[in-house]
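Since the structure comes first, as structure tokens, the remarks are kept for the end.
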């Protein structure tokens, strides 16, 4: 499929996440690997509804484009370098998962949809130091999902629609978990 098709899917996914308030100017990032060493990522301080809300950057070389990119550009580059099958990365804010993560170490859905796709998703501390960054990469390689305590959730996938599907199922599972005493 042509690159334009994937870029259109990227734009659609970003707008859906923005409409659900999971990705916005102040939080979250979305990227799509467009070539061996290139990706598109949302720009910093840019609304998803703006026409040119994303920028293409080189994964291997920091260029001036990095300055316009979302603050997560370095971690997205690192993930693409370390996890070759990753084609899309979401770092999104799901309030119910963030709330759940504050009091728990693992996220284990109890609903049928959640159990079908996920089991014991790790909740880690921030990824601002080398140890936690390595833990993030390790859990993404294994599970394709990592919850950052009190902050966000990273999802990697080979397909952007699959990443969206995971995000929405996780969000629904979190809403259910928060209603069940345990």
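Numbering (full-length UniProt numbering), first residue to last: 1 to 182.
Glycine included, every Cβ here is placed at the ideal spot set by N, Cα and C.
Just so it is clear, the structure is predicted and the values come from calculations on it, not from any experiment.
Buried versus exposed call for residue 5 [16 or more other C-beta atoms within 10 Å across all chains shown]: Looking up residue 5 in the chain shown gives position 5. With fewer than 16 other beta carbons inside 10 angstroms of its own, residue 5 counts as exposed.
C-beta atoms of residue 73 and residue 30 nearer than 9 Å: Here residue 73 refers to the residue found at position 73 when the chain shown is read from its first residue. Here residue 30 refers to the residue found at position 30 when the chain shown is read from its first residue. Their beta carbons are not under 9 Å apart, which means residue 73 does not touch residue 30 by this criterion.
The segment 46 to 61 contacting the segment 121 to 131, beta-carbon criterion three pairs below 8 Å: In short, these stretches do not touch, since the Cβ pair count stays below three.
Bridge partners - residue 54, DSSP secondary structure assignment: Translated into positions along the chain shown, residue 54 becomes position 54. Answer by DSSP bridge pairing, in chain order: 42.
N- and C-terminal bounds of the beta strand (DSSP E) containing residue 114: The residue labelled residue 114 in the question sits at position 114 within the chain shown. Not the beta strand (DSSP E): residue 114 falls in the alpha helix (DSSP H), residues 112 to 117.
CB contact flag (residue 209, residue 167, <9 Å): The structure shown does not extend to residue 209, since the chain is modelled only from 1 through 182, so no value can be given for it.
Alpha carbon of residue 33 to alpha carbon of residue 112, nearest angstrom: Here residue 33 is taken as the residue at index 33 of the chain shown, counted from 1. Here residue 112 is taken as the residue at index 112 of the chain shown, counted from 1. So the two alpha carbons sit approximately 32 Å from each other.
Pair within 9 Å by beta-carbon distance, residue 43 and residue 54: Stepping through the chain shown from its first residue, residue 43 is reached at position 43. Stepping through the chain shown from its first residue, residue 54 is reached at position 54. Their beta carbons are under 9 Å apart, which means residue 43 touches residue 54 by this criterion.
Local Cβ density within 10 Å of residue 100, reported as buried at 16 or more and exposed below that: On the chain shown, position 100 is the one that residue 100 refers to. Counting Cβ neighbours within 10 Å, residue 100 comes out buried, since at least 16 surround it.
Range of the contiguous alpha helix (DSSP H) that encloses residue 75: Residue 75 sits at position 75 when you count from the first residue of the chain shown. 73 to 82 is the span of the alpha helix (DSSP H), which, as asked, contains residue 75.
Separation of residue 131 from residue 12, as counted between CA atoms: By 1-based counting over the chain shown, the position of residue 12 is 12. By 1-based counting over the chain shown, the position of residue 131 is 131. Rounded to the nearest angstrom, the two C-alpha atoms are 34 Å apart.
Start and end residues, alpha helix (DSSP H) containing residue 101: Taking the first residue of the chain shown as position 1, residue 101 is located at position 101. Counting along the chain, the alpha helix (DSSP H) containing residue 101 begins and ends at 95 to 103.
Cβ-Cβ distance between residue 91 and residue 75 below 9 Å: Position 91 of the chain shown, counted from the start, is the residue given in the question as residue 91. Position 75 of the chain shown, counted from the start, is the residue given in the question as residue 75. Yes, the pair counts as a contact, with Cβ atoms nearer than the cut-off.
C-beta contact flag for residue 155 and residue 145 at 9 Å: Indexing the chain shown from 1 puts residue 155 at position 155. Indexing the chain shown from 1 puts residue 145 at position 145. In contact: residue 155 and residue 145 (Cβ atoms closer than 9 Å).
Inter-residue spacing [alpha-carbon to alpha-carbon] between residue 83 and residue 38: Indexing the chain shown from 1 puts residue 83 at position 83. Indexing the chain shown from 1 puts residue 38 at position 38. Looking at the two C-alpha atoms, the distance is approximately 14 Å.
Exposure label - residue 70; buried when at least 16 CB within 10 Å: As a working mapping, residue 70 is identified with position 70 in the chain shown. Looking at its Cβ environment, which holds 16 or more other Cβ atoms inside 10 Å, residue 70 is buried.
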